[in-house]
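Asks: Everything in the sequence shown is counted per the numbering used here, starting at 37 for the first residue and increasing by one.
We treat Cβ as the ideally placed atom computed from N, Cα and C, and that holds for glycine.
Predicted model, so just to flag it, every value in this text is computed and none were measured.
To start, I am sharing the structure in question, which I have written as structure tokens.
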Amino acid sequence: PLKLPPSRSRHHVPAACGARNGLGSPGRGSVVARESPRAIRLNVSTCSDESERLSRWQDQVSPSPAMARLKAGYHHGDLRRALMDAALASVAEGGLASLSLREAARRVGVSPAAPSHHFPTLEALVEALCAEGFSGLDAAMAAAAAAAADPQAQMRALGRAYLHYAATHPAHFRLMFSGPAPELEPPSPDTVPAFGQLIAGIHDLQAAGLAPPGPVAPLALLAWSLVHGLACLRIDGPLRGGRMGLTPEAR
Numbered sequence: 037p038l039k040l041p042p043s044r045s046r047h048h049v050p051a052a053c054g055a056r057n058g059l060g061s062p063g064r065g066s067v068v069a070r071e072s073p074r075a076i077r078l079n080v081s082t083c084s085d086e087s088e089r090l091s092r093w094q095d096q097v098s099p100s101p102a103m104a105r106l107k108a109g110y111h112h113g114d115l116r117r118a119l120m121d122a123a124l125a126s127v128a129e130g131g132l133a134s135l136s137l138r139e140a141a142r143r144v145g146v147s148p149a150a151p152s153h154h155f156p157t158l159e160a161l162v163e164a165l166c167a168e169g170f171s172g173l174d175a176a177m178a179a180a181a182a183a184a185a186d187p188q189a190q191m192r193a194l195g196r197a198y199l200h201y202a203a204t205h206p207a208h209f210r211l212m213f214s215g216p217a218p219e220l221e222p223p224s225p226d227t228v229p230a231f232g233q234l235i236a237g238i239h240d241l242q243a244a245g246l247a248p249p250g251p252v253a254p255l256a257l258l259a260w261s262l263v264h265g266l267a268c269l270r271i272d273g274p275l276r277g278g279r280m281g282l283t284p285e286a287r
């Protein structure tokens, strides 16, 4: 019957493998010097197997940073959310030009192909972020308007909520209006609920005699342009990082 060399013993650790991995002493129980070339080849193969098993064990006990991010992403079961957050962080740090599926995957710690399970294209990722942004803007404006006492106070509250959302969610705001998304339809209460709140606010002002009568759309466009322009100046223009002497009312 074929006898395996001592290195194939069930509880034997090859000398070379033990020396490299700290599992044994090369001088104790070493048979490498007395073995045939075939036995030495078996030792090398066994050492390779032992090293691979040790490497896997080390990844389980003390994973690399990339492995840790990967496991964390899958642990909470929401890779989609993690990719969206990574894209927002990328826009916040590097602007719209830094946005890509590959960069989002890198930040999350997954393979470049992983995002395709949730976002087959960059446009799909941007659409999801824009939808989230418009939803958040609508909720912020609705909450502000609900606390207003009269139509005039309501209109001011809507404008302040718009400015505050842009300042606190600049990445969302940039993507909503300047990102690489498909062309947006003309704003309407159906396509942009926040715009519907503006229309309703102007109607209330007209009913109270605080706004000129007539078509609402031109007044809504004027009010939106004013507030949106100020928001852009605050997050990307000369008003960024300072108020440039604006009075409390202008703020």
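Once DSSP output is grouped into helix, strand and coil, what is the label at A180?
Replies: If DSSP states are grouped into helix, strand and coil, A180 belongs with the helices.
Asks: Less than 8 Å between the beta carbons of S147 and A141, yes or no?
Replies: Closer than 8 Å, so yes.
Asks: Report yes or no: do three or more beta-carbon pairs, one from the stretch 179–191 and one from the stretch 203–211, lie closer than 8 Å?
Replies: Counting Cβ pairs under 8 Å, fewer than three are found: no touch.
Asks: My parser needs the beta strand (DSSP E) runs of 3 or more residues fully inside the stretch 168–214; what are they?
Replies: With a minimum length of 3 residues, no continuous beta strand (DSSP E) run stays inside the stretch 168–214.
Asks: Answer yes or no: do L165 and S136 have a C-beta to C-beta separation smaller than 8 Å?
Replies: No, they are not a contact pair.
Asks: Is the beta carbon of L211 less than 8 Å from the beta carbon of H154?
Replies: No, Cβ-Cβ distance for L211 and H154 is not below 8 Å.
Asks: In terms of alpha-carbon separation, which member of L194, A189, H200 lies closest to I271?
Replies: Checking every option, the nearest Cα to that of I271 belongs to H200.
Asks: With L132 and S261 assumed to form a contact (beta carbons below 8 Å), what rounded beta-carbon distance in angstroms separates them?
Replies: That pair is no contact at about 21 Å.
Asks: Please report the distance separating the alpha-carbon of A149 from that of A160.
Replies: So the alpha carbons of these two residues sit roughly 15 Å apart.
Asks: Is it buried or exposed, S126, if we count other Cβ atoms within 10 angstroms and call 16 or more buried?
Replies: Buried.
Asks: To which residues of the same chain is V252 closer than 8 Å at the C-beta, ignoring the five residues directly before and after it?
Replies: Cβ within range, chain order: I235, I238, H239, Q242.
Asks: Mind checking whether P187 and A244 have CB atoms under 8 Å apart?
Replies: It is a contact, given that the beta carbons lie within the stated cut-off.
Asks: Residue ranges of each alpha helix (DSSP H) run of no fewer than 4 residues wholly in the stretch 108–151, ordered along the chain?
Replies: Counting only runs of 4 or more, we get 115–130, 137–144.
Asks: Roughly how many angstroms separate the alpha carbons of P249 and L258, rounded to a whole number?
Replies: For P249 and L258, the distance between alpha carbons rounds to 15 Å.
Asks: If I measure Cβ to Cβ from G195 and keep anything under 7 Å in the same chain, skipping five residues before and after, which residues do I get?
Replies: Excluding sequence neighbours, G195 sits near V263.
Asks: If you compare alpha carbons, which of G265, Q233, F209 is closest to G169?
Replies: Nearest option by C-alpha distance: F209.
Asks: Buried or exposed: A267, going by 16 or more other Cβ atoms within 10 Å of its Cβ?
Replies: A267 comes out buried.
Asks: Going by C-alpha distance, which of Q233, G232, R116, L255 is nearest V144?
Replies: Here the closest residue by C-alpha is R116.
Asks: Cutting at 6 Å between CB atoms, please list the residues of its own chain near A197, excluding the five before and the five after it.
Replies: Cβ neighbours of A197 beyond the five flanking positions: A176, M177, A180.
Asks: So A17 and L173 are in contact, right, with Cβ under 8 Å, and what is the actual spacing, rounded?
Replies: One cannot answer for residue 17 here, as it falls past the ends of the chain, which runs 37 to 287.
Asks: For M191, which option in V162, A167, Q233 has the closest C-alpha, if you only look at C-alpha atoms?
Replies: Ranking the options by Cα distance to M191, first place goes to Q233.
Asks: Put A247 into one of helix, strand or coil per three-state DSSP.
Replies: A247 falls in the coil class under three-state DSSP.
Asks: Could you give the first and the last residue of the continuous alpha helix (DSSP H) run that contains G265?
Replies: Looking at the DSSP string, the run of the alpha helix (DSSP H) that includes G265 is 252–272.
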